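In the working numbering, the protein residues as written are 192 to 581. For each residue, glycine too, the CB sits at the ideal point set by N, CA and C. Since this is a predicted model, take the numbers as computed values, not measurements. Read through the structure below, which is laid out as structure tokens, and then see the notes.
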């Protein structure tokens, strides 16, 4: 109690050093020692995390309190994804400081803070609630990037097999409960929940194979409340475009409208007879800021003739600038297939940190499929552009 700073919402490093303590707060979250309200206050204090051991603990802690989007993003940041690169020359273990040390003190292997268990325990969602998985919980945590998962968790009683898929407002899950065990499924509320095709309980499931179908699931069922403060574009932001269709629920300014305002369909360029044209749009953030990610959400109100998403560009660049017109390319997409409804997330983190930008530009040179109600008419169309900050 003496170390909890109620005013600032975190645990102090120590009595003699009253500032935010990364290790103390990471441990508190990962061990589930705080209330949900305290976790909501602690989580935003973690920005750039320099130590691998803290990074893993912070991720685990965020998942523990169902902050899945930021929990997964913590793994995306810094060096974890670089281990998948065949050309990676860094450490292959969970090191003290995310890099091998050549002098001084430091531990080059922290197996207790490795990340593999996060995927089965939180994304797949299988965790024991009794010794030896005699009783276990299945609590999936989908994110924007992870819309399905399947896996096997070995136990003394036999393997637990889980597979789930999240699509729009529907969710399907199958679980095989091994003999001698009991499963509890923790899923969000839904308009309709069926167990093996009929209404049934999600608690105390004995041995067997179960198939769960959920309909009318809220779009915010798995929303991460800790990311909300860092994603909204406030007043002072403006949108310019090479052309803009300002009718029928479309408008350049609607690109930044709150996601819940469904009548504002987003941005649409002027019409073209071919996909091979140049269109661009620019967002003025009002001032230079550090940026973590840019999310491009596709139009959803009317599909393309093929049934896919309409208007999402096929070949385009995302560019950043601190001064007007002085753009640097942050990401390039060539012959890019139409994404899911979640859109495309452009991760801006590099080995030297997060970039600062005053302006964001999306420049397309090949447009996506026309909408079903405008056969042969090509447009650049986005429902929303969202910015996430470190």
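For residue 572, the three-state DSSP class (helix, strand or coil): strand
Cross-strand partners of residue 411 (DSSP beta bridge): Answer by DSSP bridge pairing: none, since residue 411 is not bridged.
C-alpha distance - residue 346 paired with residue 368, whole-angstrom precision: 11 Å
Three-state secondary structure (DSSP) of residue 201: strand
Opposing strand residues paired with residue 177 [DSSP bridges]: This structure gives no information on residue 177, because the portion of the chain shown stretches from 192 to 581.
Residue environment, residue 418, which counts as buried when at least 16 other CB atoms sit within 10 Å: buried
Test item: CB-CB of residue 574 and residue 457 under 7 Å: yes
Touch test, the segment 540-555 against the segment 496-513, Cβ-Cβ under 8 Å, three pairs minimum: yes
Residues bridged to residue 463 [DSSP beta-bridge criterion]: DSSP lists 569 as partners of residue 463.
Host beta strand (DSSP E) of residue 520 (start-end): 519-524
6 Å Cβ shell around residue 431 - same chain, five flanking residues per side excluded: 473
Of the listed residues 508, 531, 518, 255, nearest to residue 524 (C-alpha basis): 508
Cβ-heavy atom distance, residue 212 to the ligand COA, below 6 Å: This structure lacks the ligand COA, and indeed carries no ligand of any kind.
Contact check, residue 379 vs residue 412, beta carbons under 7 Å: yes
Terminal residues of the alpha helix (DSSP H) in which residue 233 lies: Segment 227-233, the alpha helix (DSSP H) holding residue 233.
Residue 424 in three-state terms, based on DSSP: Because the pLDDT at residue 424 is just 46, under 50, the model does not fix this residue reliably, and the point stays unresolved.
Length of the line joining the Cα atoms of residue 389 and residue 407: 16 Å
Given residue 387 as reference, the closest of 364, 374, 371, 381 once Cα atoms are compared: 364
First through last residue of the alpha helix (DSSP H) which encompasses residue 265: Unbroken alpha helix (DSSP H) run through residue 265: 259-267.
Own chain partners of residue 237 with C-beta closer than 6 Å, once the 5 adjacent residues on each side are dropped: 249
Sub-7 Å separation of residue 477 and residue 519 beta-carbons: no
Residue(s) in a DSSP beta bridge with residue 507: 524, 555
Residue 566 versus residue 496 - alpha carbon distance: 8 Å
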